[in-house]
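A.B. asks:
Number of protein chains: 2
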Amino acid sequence: MSAISERRERERARRHQLIITAARDLAEAEGWEAVTTRRLAERVEYSQPVLYSHFDGKDAIVSAVALDGISELAAHLRRARQAAPGPAHALRAVCRAYLDFATERPVLYEAMFVLPTNLKFASAETPPPLRAAFGEFVSCFRPDNERRELFAEVLWSALHGIATLSRSGRIPPDGQEERLGLLITQIADTR
Amino acid sequence: MSAISERRERERARRHQLIITAARDLAEAEGWEAVTTRRLAERVEYSQPVLYSHFDGKDAIVSAVALDGISELAAHLRRARQAAPGPAHALRAVCRAYLDFATERPVLYEAMFVLPTNLKFASAETPPPLRAAFGEFVSCFRPDNERRELFAEVLWSALHGIATLSRSGRIPPDGQEERLGLLITQIADTR
DNA sequence: CAGGATGTCTAGCGTTGCTAGGGTGGAGTG
DNA sequence: CACTCCACCCTAGCAACGCTAGACATCCTG
Numbered sequence: 002m003s004a005i006s007e008r009r010e011r012e013r014a015r016r017h018q019l020i021i022t023a024a025r026d027l028a029e030a031e032g033w034e035a036v037t038t039r040r041l042a043e044r045v046e047y048s049q050p051v052l053y054s055h056f057d058g059k060d061a062i063v064s065a066v067a068l069d070g071i072s073e074l075a076a077h078l079r080r081a082r083q084a085a086p087g088p089a090h091a092l093r094a095v096c097r098a099y100l101d102f103a104t105e106r107p108v109l110y111e112a113m114f115v116l117p118t119n120l121k122f123a124s125a126e127t128p129p130p131l132r133a134a135f136g137e138f139v140s141c142f143r144p145d146n147e148r149r150e151l152f153a154e155v156l157w158s159a160l161h162g163i164a165t166l167s168r169s170g171r172i173p174p175d176g177q178e179e180r181l182g183l184l185i186t187q188i189a190d191t192r
Numbered sequence: 002m003s004a005i006s007e008r009r010e011r012e013r014a015r016r017h018q019l020i021i022t023a024a025r026d027l028a029e030a031e032g033w034e035a036v037t038t039r040r041l042a043e044r045v046e047y048s049q050p051v052l053y054s055h056f057d058g059k060d061a062i063v064s065a066v067a068l069d070g071i072s073e074l075a076a077h078l079r080r081a082r083q084a085a086p087g088p089a090h091a092l093r094a095v096c097r098a099y100l101d102f103a104t105e106r107p108v109l110y111e112a113m114f115v116l117p118t119n120l121k122f123a124s125a126e127t128p129p130p131l132r133a134a135f136g137e138f139v140s141c142f143r144p145d146n147e148r149r150e151l152f153a154e155v156l157w158s159a160l161h162g163i164a165t166l167s168r169s170g171r172i173p174p175d176g177q178e179e180r181l182g183l184l185i186t187q188i189a190d191t192r
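As you go down the protein sequences, you meet chains A and B in turn. To convert a position in the first sequence, counted from 1, into my numbering, add 1. To convert a position in the second sequence, counted from 1, into my numbering, add 1.
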């Protein structure tokens with residue numbers, strides 16, 4: 002492997018990331034339906050086929066954006082949990098952080114948890130960021146709770162439902178705080 | 002209004018419903034991405050523009066299917082609730098019925114609560130079937146519970162999250178029974 | 001029976017995701 | 001230094017998409 006091919010590999014990796022961030026920027030500016038391979042190619046200043054030399058197709062690009070987003074979410078939840086004054090408050094802090102994330106980055110959230118992606122959840126080859134994010138929910142529950150994972154699944158499901166139903170206007174956009182409060186009180190004591 | 006124009010109106014209404022059921026059948030057989038205006042037109046044995054004389058566009062057709070589905074869901078939930086041996090058991094019965102519906106008719110469920118539609122939820126002009134379906138959740142809670150609607154929103158959100166996350170493989174497909182059990186126990190006593 | 005309205009179809013526009021095939025320029029070799 | 005070759009990228013195009021304009025036929029009305 003000569004220095005030249007190494008340089009090319011670096012440039013290629015650079016362009017790979019450029020495509021991902023361009024897709025994300027475009028989606029956050031105009032929504033995922035505006036992210037077409039043509040517009041994306043124009044943004045990165047290459048022709049369409051270049052995209053296909055990096056990704057298997059549009060879904061793979063969305064998946065890459067989603068994975069980045071999940072990493073950010075995991076870090077976001079982690080910060081919230083660690084900033085909480087104690088384990089009892091961590092549950093609420095993490096839940097609020099989750100809903101805030103979904104509200105402030107709705108398009109990113111959509112890629113992560115609504116659109117079809119290639120990401121393998123809950124399996125042997127689940128990428129670390131996914132594990133980390135889910136792990137933050139698990140960490141909200143007592144270590145001696147033998148059903149922590151189950152609690153985490155249901156908690157996550159409830160938050161996801163609240164986020165998506167309010168985002169799509171199927172439940173009123175306001176009232177999130179009350180829903181969060183109710184959810185917490187129903188779970189907190191049996192944490 | 003002559004008898005002739007009445008007959009035409011009947012035929013037109015008949016064809017209207019034919020389009021809706023054809024769209025639903027096609028979607029349930031091959032998924033919503035297979036429901037194209039061309040294939041749909043072929044199924045109903047009319048040309049594409051005919052679809053547009055009945056509906057404003059593809060979204061409107063999906064919305065019509067969704068509305069039918071919500072009517073069926075409301076009836077399904079209602080039957081489950083009334084068949085329960087008492088109000089205390091109604092909660093579990095309705096929740097199980099909801100998850101069963103989502104599992105057995107995933108494509109219909111997708112149109113109802115995932116895909117973008119024209120349906121107005123939670124507003125003044127909300128269609129009766131939507132109110133009826135949501136009302137079934139409200140009816141699971143004690144009449145003297147002043148926050149019944151809030152409870153219903155959170156319960157629905159949790160069920161919706163469980164249904165969609167498991168459907169898309171983001172939580173394991175099995176374990177639904179345990180999730181349902183946990184959800185019920187967290188809510189039942191403060192019903 | 002002519003005239004008009006109603007209804008439906010053919011044809012086509014602009015856009016989509018994706019790909020085949022040609023051309024160019026730099027890397028390696030004699 | 002010249003030549004070959006290969007890796008890279010672009011132009012051009014395919015089939016399919018949602019949707020629509022305009023021509024054609026069919027039926028009711030005066």
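Glycine included, each C-beta is placed from N, C-alpha and C at the ideal position.
Taking only the alpha-carbon atoms, compute the straight-line gap between B/Ala-91 and B/Arg-180 and give it to the nearest angstrom.
C.D. replies: Between B/Ala-91 and B/Arg-180, the C-alpha separation is close to 17 angstroms.
A.B. asks: Out of A/Ser-167, A/Thr-165, A/Ala-159 and A/Ala-14, which one is the CA nearest neighbour of A/Ile-185?
C.D. replies: Comparing Cα positions, the closest option is A/Ala-159.
A.B. asks: Looking at chain A, which residues of the region 148-162 of chain B have a Cβ within less than 8 angstroms of any of its Cβ atoms?
C.D. replies: Taking 8 angstroms as the Cβ-Cβ cut-off against chain A, the residues of the region 148-162 of chain B that qualify are Arg-148, Leu-151, Phe-152, Glu-154, Val-155, Trp-157, Ser-158, Ala-159, Leu-160, His-161 and Gly-162.
A.B. asks: Which term fits A/Thr-191, buried or exposed, when burial requires 16 or more other beta carbons within 10 angstroms of its beta carbon?
C.D. replies: With fewer than 16 Cβ atoms within 10 Å of its Cβ, A/Thr-191 is classed as exposed.
A.B. asks: Grab me the residues of A/Val-45's own chain with a C-beta within less than 6 angstroms of its C-beta, minus the 5 sequence neighbours each way, in chain order.
C.D. replies: Closer than 6 angstroms at Cβ, skipping near neighbours: Leu-19, Ile-20 and Ala-23.
A.B. asks: Going by beta-carbon coordinates alone, are A/Gly-70 and A/Arg-97 separated by less than 9 angstroms?
C.D. replies: Not closer than 9 angstroms, so no.
A.B. asks: Which whole-angstrom value describes the C-beta separation of B/Leu-131 and B/Phe-122, a residue pair presumed to lie in contact below a C-beta threshold of 8 angstroms?
C.D. replies: Confirmed, about 6 angstroms.
A.B. asks: For A/Cys-141, does the three-state DSSP call read helix, strand or coil?
C.D. replies: The answer is coil: DSSP assigns A/Cys-141 none of H, G, I, E or B.
A.B. asks: Leaving out five residues before and five after B/Ile-62 in sequence, what residues of the same chain have Cβ atoms less than 6 angstroms from its Cβ?
C.D. replies: Only Ala-24 and Phe-56 meet the Cβ criterion.
A.B. asks: Does the region 102-118 of chain B come into contact with the region 164-184 of chain B, if we say contact requires no fewer than three beta-carbon pairs (one atom in each stretch) closer than 8 angstroms?
C.D. replies: Counting Cβ pairs under 8 angstroms, three or more are found: they touch.
A.B. asks: Could you give the residue range of the alpha helix (DSSP H) that holds B/Pro-107?
C.D. replies: Residues 107-114.
A.B. asks: Buried or exposed: where does B/Ala-28 fall if 16 or more other Cβ atoms within 10 Å of its Cβ makes it buried?
C.D. replies: The residue is buried, with at least 16 neighbouring Cβ atoms inside 10 Å.
A.B. asks: By a C-beta neighbour count over all protein chains shown, 10 Å radius and 16 as the cutoff for buried, is A/Ser-64 buried or exposed?
C.D. replies: Burial call: buried.
A.B. asks: Could you round the C-beta distance between B/Arg-39 and B/Gln-49 to whole angstroms and report it? I think they count as a contact, below 8 angstroms.
C.D. replies: Rounded, the Cβ-Cβ distance is 6 angstroms, consistent with contact.
A.B. asks: Taking all protein chains shown into account, decide if A/His-161 is buried (16 or more other Cβ within 10 angstroms of its Cβ) or exposed.
C.D. replies: The residue in question, A/His-161, is buried, as its Cβ has 16 or more Cβ neighbours within 10 Å.
A.B. asks: Does any CB atom of chain B fall closer than 9 angstroms to the CB of A/Thr-165?
C.D. replies: Chain B, which has a Cβ nearer than 9 angstroms to the Cβ of A/Thr-165, makes this yes.
A.B. asks: Name the chain A residues that come within less than 9 angstroms of B/Leu-122, Cβ to Cβ?
C.D. replies: The sequence shown places Phe at residue 122 of chain B, rather than the Leu named in the question. Residues of chain A passing the Cβ test: Leu-166, Ser-169, Gly-170, Arg-171, Ile-172 and Pro-173.
A.B. asks: Please list, in chain order, the chain A residues whose beta carbon lies closer than 8 angstroms to that of B/Leu-183.
C.D. replies: Neighbours of B/Leu-183 on chain A, chain order: Arg-148, Leu-151, Phe-152 and Val-155.
A.B. asks: Check the Cβ of B/Glu-179 against every Cβ in chain A and list those closer than 7 angstroms, keeping chain order.
C.D. replies: Those within 7 angstroms of B/Glu-179 in chain A are Leu-151.
A.B. asks: Anything in chain B within Cβ reach of A/Thr-127, meaning under 8 angstroms, just list it in chain order.
C.D. replies: Neighbours of A/Thr-127 on chain B: none; closest Cβ ~10 angstroms, over 8 angstroms.
A.B. asks: Counting only C-beta atoms, is A/Pro-117 closer than 9 angstroms to chain B at any point?
C.D. replies: A/Pro-117 counts as touching chain B.
A.B. asks: Does B/Asp-57 come out as helix, strand or coil in the three-state DSSP assignment?
C.D. replies: Of the three classes helix, strand and coil, the one that applies to B/Asp-57 here is coil, per DSSP.
A.B. asks: Nearest CA to the CA of B/Ala-189: which residue from B/Leu-156, B/His-77 and B/Glu-34?
C.D. replies: If we check each option's Cα against that of B/Ala-189, B/Leu-156 comes out closest.
A.B. asks: Let me check understanding here. Comparing Cα to Cα, which of B/Pro-173, B/Glu-7 and B/Arg-9 lies closest to A/Ala-125?
C.D. replies: Nearest of B/Pro-173, B/Glu-7 and B/Arg-9 to A/Ala-125, Cα basis: B/Pro-173.
A.B. asks: Sort B/Leu-151, B/Glu-150 and B/Arg-143 by Cα distance to B/Pro-88 and report the nearest one.
C.D. replies: Measuring from the Cα of B/Pro-88, the nearest candidate turns out to be B/Arg-143.
A.B. asks: Mapping the DSSP letters down to three states, classify B/Leu-184 as helix, strand or coil.
C.D. replies: Residue state, collapsed to three classes: helix.
A.B. asks: For the alpha helix (DSSP H) that A/Trp-157 lies in, which residues bound it at each end?
C.D. replies: Note, A/Trp-157: alpha helix (DSSP H), 149-168.
A.B. asks: Mapping DSSP to helix, strand and coil, what is A/Leu-68?
C.D. replies: It is helical.
A.B. asks: What residue from A/Arg-8, A/Glu-154, A/Tyr-47 and A/Gly-58 has the CA that sits closest to B/Leu-183's CA?
C.D. replies: When only C-alpha atoms are compared, the closest one is A/Glu-154.
A.B. asks: Going by the CB atoms, is the gap between A/Gln-187 and B/Gln-187 shorter than 9 angstroms?
C.D. replies: It is a contact, given that the beta carbons lie within the stated cut-off.
A.B. asks: For B/Glu-10, which residues of its own chain have a beta-carbon under 7 angstroms away from its beta-carbon, when the five flanking residues on both sides are left out?
C.D. replies: Excluding residues within five positions, none has a Cβ falling inside 7 angstroms.
A.B. asks: Excluding the 5 residues flanking A/His-17 on each side, which residues of the same chain have their C-beta closer than 6 angstroms to its C-beta?
C.D. replies: Excluding positions up to five away in sequence, the list reads His-55.
A.B. asks: What are the start and end residues of the alpha helix (DSSP H) that includes A/Leu-41?
C.D. replies: Start and end: 38-45.
A.B. asks: What did DSSP end up calling A/Asp-190 once you bin it into helix, strand or coil?
C.D. replies: The answer is coil: DSSP assigns A/Asp-190 none of H, G, I, E or B.
A.B. asks: When the Cα of B/Ala-81 is compared with those of B/Ala-67, B/Glu-43 and B/Asp-101, which residue comes out closest?
C.D. replies: It is B/Asp-101 whose Cα lies nearest to the Cα of B/Ala-81.
A.B. asks: Near B/Met-2, what residues of its chain come up, given a Cβ to Cβ distance below 6 angstroms and the 5 sequence neighbours on each side ignored?
C.D. replies: With a pLDDT of 49 at B/Met-2, under the threshold of 50, the modelled position of this residue cannot be trusted; read the value that follows with caution. Cβ within range, chain order: n/a, list empty.
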